[in-house]
Amino acid sequence: MSYLETTKNVYRDAALTPDVGLCCTTNPIWELPGLKIPKIMQEMNYGCGSTVNARDLTNNPRVLYVGVGGGMELLQFAYFSRQKSGVVGVDVVDEMLEASRKNFLEAEAQNPWFKSEFVDLKKGDALNLPVEDNSIDVAAQNCLFNIFKAEDLKKAIAEMYRVLKPHGRLVMSDPTCEQEMNETLRNDERLRALCLSGSLPISAYVKALTDAGFGTIEIRARKPYRILDPKNYPTDQLIYIESIEVAAIKDPMPEDGPCIFTGKAAIYYGSENHFDDKKGHILLKNQPLAVCDKTAGALKALGRDDIFISESTFHYDGGGCC
């Protein structure tokens, strides 16, 4: 049985019998006026966190979500896109799609503003999205890319890139891991289905996105996720896994490479009221400016004694240099 079949079986079982403990962390429920999340959706919330922010969902966007779970995130997205088929949910598991349809009826009963037609559920998978080219404003996935092996991961990211409009964004959350996993862990199909044994280093994760053509990458958070230990897993060392939240934006690729924001800031503290590098970056005196790693390196290379560059915080919430 392939690892993809194993994954389908895991989530088919979770659709038929909700498994509250399937994922070791849960998404926070959005606290928004008039939004009520049915209990069954919370029980079927199979993800480690969502980086989608309200600012990603302005101007009635068309939103794609891959791996629907119990439909909770689809309902939350529909709150901002109250139009027929404004949210597209794709899943390869028939039972999960059917469970979501039933859950949306409960959501309609609890939310007077919501109609099930706001969400268009489609059978399909991340490797062959049943969605038109350049038709989506915001695409999202939660603990899905981490399941894929290298070639499939490349295809999944390319599919997301294909369906996004220019300047559209892919927002996602996946586990990452810096420690090397042994072959037994890497080849454990169930652990891969649970988003554990396929964890990538952050640098490899970001490279996969920029290789697909995404010109801007925002790392919005790094959070403790899980420990794989020798007592419970086939490993001879402790393996620390983090959940990384990322937005990849379909901006043109700059000639000098992608803009990757890891939470660095530049602060000018010289004698003038501002500093202008003549490349589009103006630093007001003692006003921190979020900068991408590329700009941070260029400013540091100037060798000035009146510009401070902070370390990466791996938390970026917009308003940066580029």
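In the UniProt record's numbering, the protein residues as written are 1 to 322. Glycine included, C-beta positions come from ideal geometry on N, C-alpha and C.
Item	Value
Any idea if S271 is buried or exposed, counting beta-carbon neighbours within 10 angstroms, 16 or more meaning buried?	exposed
Answer yes if the segment 226 to 237 comes into contact with the segment 278 to 289, meaning at least three C-beta pairs across the two stretches below 8 Å, and no otherwise.	no
When the Cβ atoms of the segment 114 to 127 are set against those of the segment 62 to 75, are three or more pairs found closer than 8 Å?	yes
Would you mind sorting L209 into buried or exposed? The rule is 16 or more other CB atoms within 10 Å of its CB.	buried
Whose C-alpha, out of L289, K294, Y316, A158, is nearest the C-alpha of I307?	L289
Give the single residue among A248, I239, K279, I309 whose Cα lies nearest to the Cα of A266.	I309
Assuming contact is defined by CB atoms lying nearer than 7 Å, are E242 and R220 in contact in what I supplied?	no
Measure the alpha-carbon distance for F314 versus K264 and round it to whole angstroms.	8 Å
Could you give the DSSP three-state label for L129: helix, strand or coil?	coil
Could you tell me the alpha carbon to alpha carbon distance between L247 and P112, rounded to whole angstroms?	Just to set this straight, residue 247 is Ala in the shown sequence, not Leu. Each residue's Cα considered, the two are about 31 Å apart.
Thinking P130 and V90 are a contact (beta carbons under 8 Å), I'd like their distance in whole angstroms, please.	7 Å
With distance defined between alpha-carbon atoms, name the residue in D133, F148, A150 nearest to P166.	D133
Beta strand (DSSP E) containing R62: first to last residue?	Note, R62: premise wrong, no beta strand (DSSP E); not H, not E.
If I136 and L74 are in contact, beta carbons under 8 Å, what's the gap, nearest whole angstrom?	Contact doesn't hold; Cβ gap of about 14 Å is too wide.
If you draw a straight line from the C-alpha of N103 to the C-alpha of M96, how long is it?	10 Å
Does DSSP put I29 in a helix, a strand or coil?	coil
Measure how close the beta-carbons of residue 324 and G215 come, nearest whole angstrom, since I'm counting them as under 8 Å.	Examination of residue 324 is not possible in this model, given that the chain is present from 1 through 322 alone.
To the nearest angstrom, how far is the alpha carbon of E159 from that of D277?	38 Å
Throw me the rounded Cβ distance for the L57 and S81 pair, which I believe falls under 8 Å.	7 Å
For I227, is the classification buried or exposed, using 16 other Cβ atoms within 10 angstroms of its Cβ as the cut-off for buried?	exposed
Drop a sphere of 10 angstroms on the beta-carbon of A204, count the other beta-carbons inside from all chains shown, and report buried for 16 or more, exposed for fewer.	exposed
What do you get for A15, buried or exposed, if any count of 16 or more other CB atoms within 10 angstroms of its CB means buried?	buried
Go ahead and label S2 buried or exposed: buried means 16 or more other beta carbons lie within 10 angstroms of its beta carbon, across all protein chains shown.	exposed
Determine the contact status of A139 and L105, defining contact as a CB-CB distance below 7 Å.	no
Please classify Y268 as buried or exposed, where buried requires at least 16 neighbouring CB atoms within 10 angstroms.	buried
Note down the Cα distance separating F114 from P38, rounded to an integer number of angstroms.	13 Å
Using the Cβ count rule (16 or more neighbours within 10 Å means buried), how would you classify K279?	exposed
Go ahead and label P252 buried or exposed: buried means 16 or more other beta carbons lie within 10 angstroms of its beta carbon, across all protein chains shown.	exposed
Below 6 Å CB to CB, which residues in the same chain sit around R12 once its five sequence neighbours on both sides are set aside?	V93, E95
So, is Q141 buried or exposed, given that buried needs 16 or more other C-beta atoms within 10 angstroms?	buried
Among R101, Q237, E189, which has the Cα closest to the Cα of M181?	Q237
Would you mind sorting D256 into buried or exposed? The rule is 16 or more other CB atoms within 10 Å of its CB.	exposed
To the nearest angstrom, how far is it from the Cα of M72 to the Cα of V52?	13 Å
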